[in-house]
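Enquirer:
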Amino acid sequence: GENVEQHPSTLSVQEGDSAVIKCTYSDSASNYFPWYKQELGKRPQLIIDIRSNVGEKKDQRIAVTLNKTAKHFSLHITETQPEDSAVYFCAATYSGGGADGLTFGKGTHLIIQP
Amino acid sequence: EAGVTQFPSHSVIEKGQTVTLRCDPISGHDNLYWYRRVMGKEIKFLLHFVKESKQDESGMPNNRFLAERTGGTYSTLKVQPAELEDSGVYFCASSHNRYGLFFGSGTQLSVL
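Listed in order, the protein sequences are those of chains B and D. Counting with this note's numbering, you get residues 24 to 137 for the letters of the first sequence. Counting with this note's numbering, you get residues 167 to 278 for the letters of the second sequence.
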């Protein structure tokens, strides 16, 4: 089955700086890679996703890159703000087959220092 | 549009007791998933329904866990009998297609 590794487990950055969270996956058949943000006491929410037919996707201050050859993908947050503080989860799955439950990474606690 | 709702939000039970968690997906979402997060660890897939059918239940830990989705609407996850290691947050999620999961707020289960 799929295995997703996520680093770092905790990331502290100064407000206004950039943050990068990295994930690797093991199953080369995986073709869908979403990122979820979970604020304290709230539900995980999808913030951005990428499919294996593209290498990069941007949405305002958030971008995700995918390297299929190396089987890793990363979340980039620029000009970080206090409201970016949360736990971020990467995930991977093969979507289109019979078994498409997401495999999640262990999460990264992002702390934005004022 | 109402989101995914889960009941109860918290449950504290003793080892050996039974607990039933409920999930109401977003109306019209055929895909319903159950996930679990044990403290400090990753969110783990439990199972996937497409309408009332179990598409994939490979993540269910053992036969103490039983999930149902009668009529293809809401789903229940029963743990019987509960063990200490079953403690964690149980998330339900639904989607219209296989992308873009919408999560519920989760049920915090504590087994004492």
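Think of the CB as a built atom: it goes at the ideal place given N, C-alpha and C, for glycine as much as any other residue.
Would DSSP call B:D107 helix, strand or coil?
Expert: Helix at B:D107.
Enquirer: With H, G and I counted as helix, E and B as strand and the rest as coil, what does DSSP make of B:E38?
Expert: Three-state result, B:E38: coil.
Enquirer: Using a C-beta cutoff of 8 Å, does B:A122 count as contacting chain D?
Expert: Per-residue confidence for B:A122 stands at a pLDDT of 47, beneath the threshold of 50, marking its modelled position as unreliable; the derived number appears in the next sentence. Output row for B:A122: interface = yes.
Enquirer: Cβ atoms of B:T116 and B:E25: under 8 Å apart, would you say?
Expert: In this structure, B:T116 lies closer than 8 Å to B:E25 by Cβ.
Enquirer: Look up D:G272 in the DSSP assignment and say whether it is helix, strand or coil.
Expert: Coil, per DSSP.
Enquirer: Secondary structure at B:A122, three-state DSSP: helix, strand or coil?
Expert: Residue placement at B:A122 cannot be trusted, given a pLDDT of 47 that sits under 50; the coordinates are not used to answer.
Enquirer: So is D:Y199 in contact with chain B if we call contact Cβ pairs under 8 Å?
Expert: Closer than 8 Å: yes.
Enquirer: Are the CB atoms of B:S32 and B:I100 within a distance shorter than 8 Å?
Expert: Not in contact: B:I100 and B:S32 (Cβ atoms no closer than 8 Å).
Enquirer: Would you say B:F96 reaches chain D, if we count a Cβ-Cβ gap shorter than 8 Å as a contact?
Expert: No, B:F96 lies away from the interface with chain D (no Cβ there is under 8 Å from its Cβ).
Enquirer: Per the contact definition of three or more C-beta pairs closer than 8 Å, is the stretch 176 to 185 of chain D in contact with the stretch 201 to 212 of chain D?
Expert: They do not touch, by the three-pair rule.
Enquirer: Can you confirm whether D:S260, when its beta carbon is compared against all beta carbons of chain B, has any partner nearer than 8 Å?
Expert: Answer no: the Cβ-Cβ gap between D:S260 and chain B never drops below 8 Å.
Enquirer: Excluding sequence positions up to five away, which residues of its chain have a Cβ less than 7 Å from the Cβ of D:V216?
Expert: Hits under 7 Å: D196 and N197.
Enquirer: Roughly how many angstroms lie between the CA atoms of B:D50 and B:T92, to the nearest whole one?
Expert: Cα to Cα, the separation comes out at about 11 Å.
Enquirer: With DSSP as the reference, please indicate the residues paired to B:D93 in a beta bridge.
Expert: Looking at the sequence shown, residue 93 of chain B is not Asp but Ala. Note: B:A93 sits in no beta bridge, so no partner.
Enquirer: Could you check which residue in D:G225, D:G169 and D:V255 has the C-alpha nearest to that of D:H214?
Expert: Nearest of D:G225, D:G169 and D:V255 to D:H214, Cα basis: D:G225.
Enquirer: For B:T116, which three-state DSSP category applies?
Expert: Correct three-state label for B:T116: strand.
Enquirer: Identify which residue in B:V36, B:V27 and B:I73 has its Cα closest to the Cα of B:A109.
Expert: The candidate whose alpha carbon is nearest that of B:A109 is B:V36.
Enquirer: Would you kindly check if the distance between the Cβ of B:I71 and the Cβ of B:L89 is under 8 Å?
Expert: The answer is no: Cβ separation not under 8 Å.
Enquirer: Please classify D:T119: does DSSP put it in a helix, a strand, or coil?
Expert: Only positions 167 to 278 of chain D appear in the structure, and residue 119 of chain D is not among them; the question remains open.
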